[in-house]
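S.K.: 6 is the number of the first residue of the sequence shown in the numbering used here; add one for each residue after it.
For glycine and all other residues, C-beta sits at the position ideal for the given N, C-alpha and C.
To start, I am sharing the structure in question, which I have written as structure tokens.
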Amino acid sequence: MAVSARLYAVLAVGSGVLVLVAALRFGGGAGAPPIAGLPAAGPLTDWGLPLARFAHELCAVACVGTALAAVLAPAASPESARCLRAAGWWALGWAFASLLGYVLTLSSFIPMPVADLLAAPGLLSFGTDLPQTRALLVVTAMTFVVAVATMAPRLPRWVPVAVAVCGLLPPAYVGHAASAGDHDLAVSALMAHLVPMALWVGGLGAVLVYFRRSGDLPVVLPRFSTIALCCFAAVAFSGAVSGWVRLNALSDLWQSPYGLLLMAKVAALAVLGWFGWVHRRRTVTGVADRGVRRTFVRLAAGELGVMAVAMGLGVGLARTPPPPGGEGGGHAHPLLEYTLAPFSPGALIGEARLDALVVLLLALPAAVYTLAVRRVRAWPYGRTIAWYAGLGLAALVLLGGVGGYARAMLPAQALQHVALAVVVPLLLCLGAPLTLAGRATSPASRFGTLGSPESRSGALGSPESRSGGVGSPAFGRRLTGPVLLAAYPLLFLLLYGTDWLAWSLTGYAQHLVTELFFLGVGLVTSWVLTGADPLPRPFARGERVRLLAVVAGTHVAVGAYLILGPPVAADWLVRTAPPGAPDLLTGQRAAAAVFLIVPLLTLAPLALRLGRRRPAARWHWSHVRVADVSADVSTDTGADTGADTGADTGADMSTDTGIDVSGEKSTDVSAGREQGRAVRDAPVPVTDGALLLDRGRRRPPAPAHGRRPPG
């Protein structure tokens, strides 16, 4: 790195530290005189803890950003490998900052000066009982995982990014947001704030440091610009929700130190928005030009300085107490940690909770799908309706009254769980997002040919085949193979037959992770069942029928267990039941009814579609003449466009399609059927009209369509 670049980095970090010290002085987060007669941690802990927190966030942001830059760069770019190595080193610095924060946090909690704490090593183990210090230990472990992942050449490049992003979340769950009135909303807003902030700030720093002289900058910068715009919107929205939770009135913005620091952070965000606007107008599209590249370097350096100031304000804001009464209305439930209104059937729809993290998780696919539809001509309306219906239903059960009562009532939990595990995945898969991505992108697109046949094939030498990504055959076989038949019922058995359910209900994070995990399982299952998107391998009709039977049988079994089995999560549900809720036995029976009715009604159209399609012929492939096969292929490719798209051959062989809500048959389906039949017929050395032998028996010619001839 050049001396000027190092000087810019020192100035940026130094400005952040100065702003942090000023914010601590102004907000009372440090430097307060000790109370006479009470033990104190001392000035080293008082000032060292926020500075260690700043170093912790700086290393975390740099680690996430350099790992993201490695993903955005072309696979053959030498800068990609440099970014991965740098991410590993930043991860080690992140681990050191976490351990330093562990000691200083423990010194602040006891309280005891750091020198006395280190002189009594037995007291260091006390940190395993505190949520704040325990979260730092978890972060330390995850940083070592990130460091190891950056040194594994065969590992997909997105793995270090994913692990590093997860490492940002544990301190947020137990930090200053944990003391807010609406605990779940405050924690959600902080998580939704930290992740895009790290991707945005760290990504810009990595692009500036490693790609400012690279020939790949014209490829990397437009990709990062799209991500930065999304991160800017997410940071602004989550910050607004976080401020709303902690402020009691609008006047607190200018009548309290917390509000004034918050307004200073908003001003910094506005300046960053101006930087981004200038980038998109002047540098993103023409960065290949040398003069434009110099403009980009100067703008990015200034933007990073403002980002460092914003980070200093954020750490100082976290140490500043909110105004009195600024608890977002408070919460009346000590276990749920948020206010729950008396239960009524109308409250399942009428109540609403603005979960910033969930809103962003739903807004991103909605926006991306909208942009993709605008790039594709004549995209079927049925698929668009199915996609947005799935997102709307997910929003209803996560942000509405169902989401609020799901942690306190078993019927609401069952309704949310069935919707996210069965109904929502089916609707989203009918939207055919992979097919849309393949049509909306091209080799000239910013992110390449997403969803294209080339990327799905996992050909040797392609990025997907090298990284084991979604398009690789090995990934598809592992994900959609026989393991899915066993994993689906096993997961539901573990959830309702063990303490998993009770554990998931006790906290916001574990409940959200559990539901999102089952949403992912449902997406994989519906991907196979519907076949609206191309699959990694062909699925026979019999395989789909068996999988559908397993899914339906699993929910019937869960419903029967809830009716006949012992009470589920009884201790927790008894203590959290809101006024007006049914008793435990009645609630469990209602939950059983949800499992017995909703999944079966949802899967019934799919079962009818699979059951209505019959094999075209009852005899073996070796009974059919070559001329008949050719006639069948031409008939299938030219007609029956309004029929079922999950067509089967005489050997129960299905193509990569199932339900098509648009009513149209894609050319990929016909090509797949023709290719499959050609492979089956190729090894048979016969001429047109010749009889094919089956186990030595000579059979008469069979018609192209119809019933099997006698004998």
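Please classify D653 as buried or exposed, where buried requires at least 16 other C-beta atoms within 10 Å of its C-beta.
M.R.: Reliability fails at D653, whose pLDDT of 38 lies under 50, so the model's placement of it is uncertain and no value is given.
S.K.: Touch check for the stretch 385–395 and the stretch 486–494: three-plus C-beta pairs under 8 angstroms?
M.R.: No, the stretch 385–395 is not in contact with the stretch 486–494.
S.K.: Does the stretch 73–80 come close enough to the stretch 213–228 that 3 or more CB-CB pairs lie under 8 angstroms?
M.R.: Result yes; three or more Cβ-Cβ pairs closer than 8 angstroms.
S.K.: With DSSP as the reference, please indicate the residues paired to W405 in a beta bridge.
M.R.: For clarity, residue 405 is Gly in the given sequence; the question names Trp instead. Partner(s): A357.
S.K.: Within the continuous alpha helix (DSSP H) that includes Y513, where are the two ends?
M.R.: Y513 to T535 is the span of the alpha helix (DSSP H), which, as asked, contains Y513.
S.K.: Contact defined as beta carbons within less than 8 angstroms: I believe V168 pairs with V150. What is the distance between those atoms, to the nearest angstrom?
M.R.: About 5 angstroms; that satisfies the 8 angstroms criterion.
S.K.: Given T145, which residues of its chain have a CB within under 7 angstroms of its CB, disregarding the five upstream and five downstream residues?
M.R.: Cβ neighbours of T145 beyond the five flanking positions: A100, S103 and L104.
S.K.: Between A46 and S112, how many whole angstroms is the CB-CB distance? I'm expecting something under 8 angstroms.
M.R.: Confirmed, about 5 angstroms.
S.K.: Under 8 angstroms between C-beta atoms, does T535 make it to chain D?
M.R.: No chain D is present in this structure, which holds just one protein chain.
S.K.: Scan the stretch 199–254 and note each continuous beta strand (DSSP E) run of 3 residues or more that stays entirely inside, going in chain order.
M.R.: Those beta strand (DSSP E) runs which fall completely within the stretch 199–254 and span 3+ residues do not exist here.
S.K.: Would the beta-carbon of E356 fall within 8 angstroms of that of G405?
M.R.: Contact: yes.
S.K.: How would you write the range of the alpha helix (DSSP H) that P604 sits in, first residue to last?
M.R.: Segment L589 to R617, the alpha helix (DSSP H) holding P604.
S.K.: Put L77 into one of helix, strand or coil per three-state DSSP.
M.R.: The answer is helix: DSSP assigns L77 an H, G or I state.
S.K.: Leaving out five residues before and five after W95 in sequence, what residues of the same chain have Cβ atoms less than 7 angstroms from its Cβ?
M.R.: Cβ neighbours of W95 beyond the five flanking positions: C64, A67, C68 and T71.
S.K.: Does the stretch 252–262 touch the stretch 202–215, meaning 3 or more C-beta pairs lie closer than 8 angstroms?
M.R.: Flag = no, the stretch 202–215 and the stretch 252–262 do not touch.
S.K.: Indicate the three-state DSSP secondary structure (helix, strand or coil) for Y343 in the structure shown.
M.R.: Three-state DSSP puts Y343 in coil, outside helix and strand.
S.K.: Mark R286 as exposed unless 16 or more other C-beta atoms lie within 10 angstroms of its C-beta, in which case mark it buried.
M.R.: Label assigned to R286: exposed.
S.K.: Terminal residues of the continuous alpha helix (DSSP H) containing S85?
M.R.: Its alpha helix (DSSP H) spans residues P83 to F114.
S.K.: Could you give the DSSP three-state label for A742: helix, strand or coil?
M.R.: The first residue shown for the chain is 6 and the last is 716, placing residue 742 beyond what the model contains.
S.K.: Let me confirm a value: T138 is counted as buried when at least 16 other C-beta atoms fall within 10 Å, else exposed. Which label applies?
M.R.: Classification for T138: buried.
S.K.: Measure the Cβ-Cβ separation of F59 and G21 and say whether it is below 8 angstroms.
M.R.: Their beta carbons are under 8 angstroms apart, which means F59 touches G21 by this criterion.
S.K.: Quick one: is W282 buried, meaning 16 or more other Cβ sit within 10 Å of its Cβ, or exposed?
M.R.: Its Cβ having fewer than 16 others within 10 Å, W282 is exposed.
S.K.: With DSSP collapsed to three states, give me the class of L398.
M.R.: Three-state result, L398: helix.
S.K.: With a cut-off of 8 angstroms on the beta carbons, I'd call Y410 and A417 a contact; round off their distance for me.
M.R.: The Cβ separation is near 4 angstroms, so the contact holds.
S.K.: Grouping DSSP H, G and I as helix and E and B as strand, with all else coil, what is V429?
M.R.: Of the three classes helix, strand and coil, the one that applies to V429 here is helix, per DSSP.
S.K.: Using 10 angstroms around the beta-carbon of S130, count the other beta-carbons present and answer buried if the total reaches 16, otherwise exposed.
M.R.: S130 should be labelled exposed.
S.K.: Identify, in the order they occur along the chain, each residue of the same chain with its Cβ nearer than 7 angstroms to the Cβ of A575, setting aside the five sequence neighbours on each side.
M.R.: If we look at A575 and ignore the five residues flanking it on each side, its Cβ neighbours are L589.
S.K.: My output table needs one value for R139: the three-state DSSP class, helix, strand or coil.
M.R.: Correct three-state label for R139: helix.
S.K.: Within its chain, find whatever has a CB closer than 8 angstroms to the CB of G585; leave out the 5 residues flanking it on each side and keep chain order.
M.R.: Cβ neighbours of G585 beyond the five flanking positions: P347, F348 and S349.
S.K.: Looking at the structure shown, is P350 part of a helix, part of a strand, or coil, going by DSSP?
M.R.: It is coil, neither helix nor strand.
S.K.: One question on the structure: do L433 and G408 come within less than 8 angstroms of each other, judged by their Cβ atoms?
M.R.: No.
S.K.: Between P494 and A557, is the Cβ-Cβ spacing less than 8 angstroms?
M.R.: No.
S.K.: Leaving out the 5 sequence neighbours to the left and right, which residues in its chain are closer than 8 angstroms to P583 when beta-carbon positions are compared?
M.R.: Excluding residues within five positions, the ones whose Cβ falls inside 8 angstroms are L345, A346, P347, F348, Y410, A413 and M414.
S.K.: Kindly list the residues whose CB is nearer than 6 angstroms to the CB of S509, restricted to its own chain and excluding five residues on each side of it in sequence; keep chain order.
M.R.: The answer, listed in chain order, is Q515, H516 and T519.
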